[in-house]
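Worksheet for the structure shown next.
In our numbering, the protein residues as written are 73 to 278.
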């Protein structure tokens with residue numbers, strides 16, 4: 073690894089800067105009513121799962137990152153965490169979840185549609201999925217171009233970075249193709265049309 077490359081992985085249980093604006097947006101999109109049975113798909117260091125558990129929800133976390141899951145297990149021992157790939161068949165871990173949350177994960181996946189296809193059978197017939205991912209839209213992209221900011225925005229100087237870049241339209245198309253509908257956005261960070269992240273809730277389309 074060169075001096076310009078950033079180490080990728082989890083070293084701390086502390087929230088990332090993204091948690092500060094994503095967590096409130098996710099909370100606003102939680103289905104109302106009784107406590108939910110939630111799968112945090114790509115749970116990282118467990119911070120989001122821990123916050124949801126403190127709200128009274130029953131949470132399970134999964135991630136392929138061994139260092140992230142180790143941190144999560146230490147700091148949130150009441151939550152079951154599993155080291156698995158999101159491309160795996162996760163039905164042995166649990167089914168009939170009210171909600172799957174996947175925060176800032178889908179942009180790291182070579183096969184995001186396979187991921188969504190794996191998630192859908194885990195959700196019960198009236199359940200939802202919440203996906204967050206960095207926002208890309210015309211005005212934001214234009215502004216980045218005007219300041220010659222693409223090298224910085226899509227930096228290659230870190231391992232394990234983003235490989236897919238979604239707009240509201242492309243994320244909507246992929247969710248619908250995977251069998252989801254009733255799609256709602258509650259985007260977060262910065263200000264409208266220049267958001268940092270898209271926060272999207274969709275419901276199983278039966």
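Each residue gets a CB set at the ideal place from its N, CA and C atoms; glycine is no exception.
DSSP places residue 196 within a strand segment (E or B) once states are collapsed to three. The DSSP-derived three-state label of residue 253 is strand. Across the structure, residue 126 and residue 115 are spaced so that their CA atoms are roughly 15 Å apart. Residue range 269-276 is occupied by the beta strand (DSSP E) that includes residue 271. Within its own chain, the residues whose Cβ lies closer than 7 Å to the Cβ of residue 192, once the five positions on either side in sequence are excluded, are 250, 251 and 276, listed in chain order.
Here residue 174 carries a strand assignment [DSSP, helix/strand/coil]. Put simply, the stretch 81-89 does not touch the stretch 162-174. Fewer than three CB pairs are less than 8 Å apart. If you look at residue 130, you'll find it in the beta strand (DSSP E) that goes 130-135. Counting the other CB atoms within 10 Å of its CB gives residue 200 a total of 16 or more, which places it among the buried residues.
Using a 10 angstroms sphere on the CB of residue 176, the tally of other CB atoms reaches 16 or more, which defines it as buried. Secondary structure at residue 109: strand, using DSSP grouped into helix, strand and coil.
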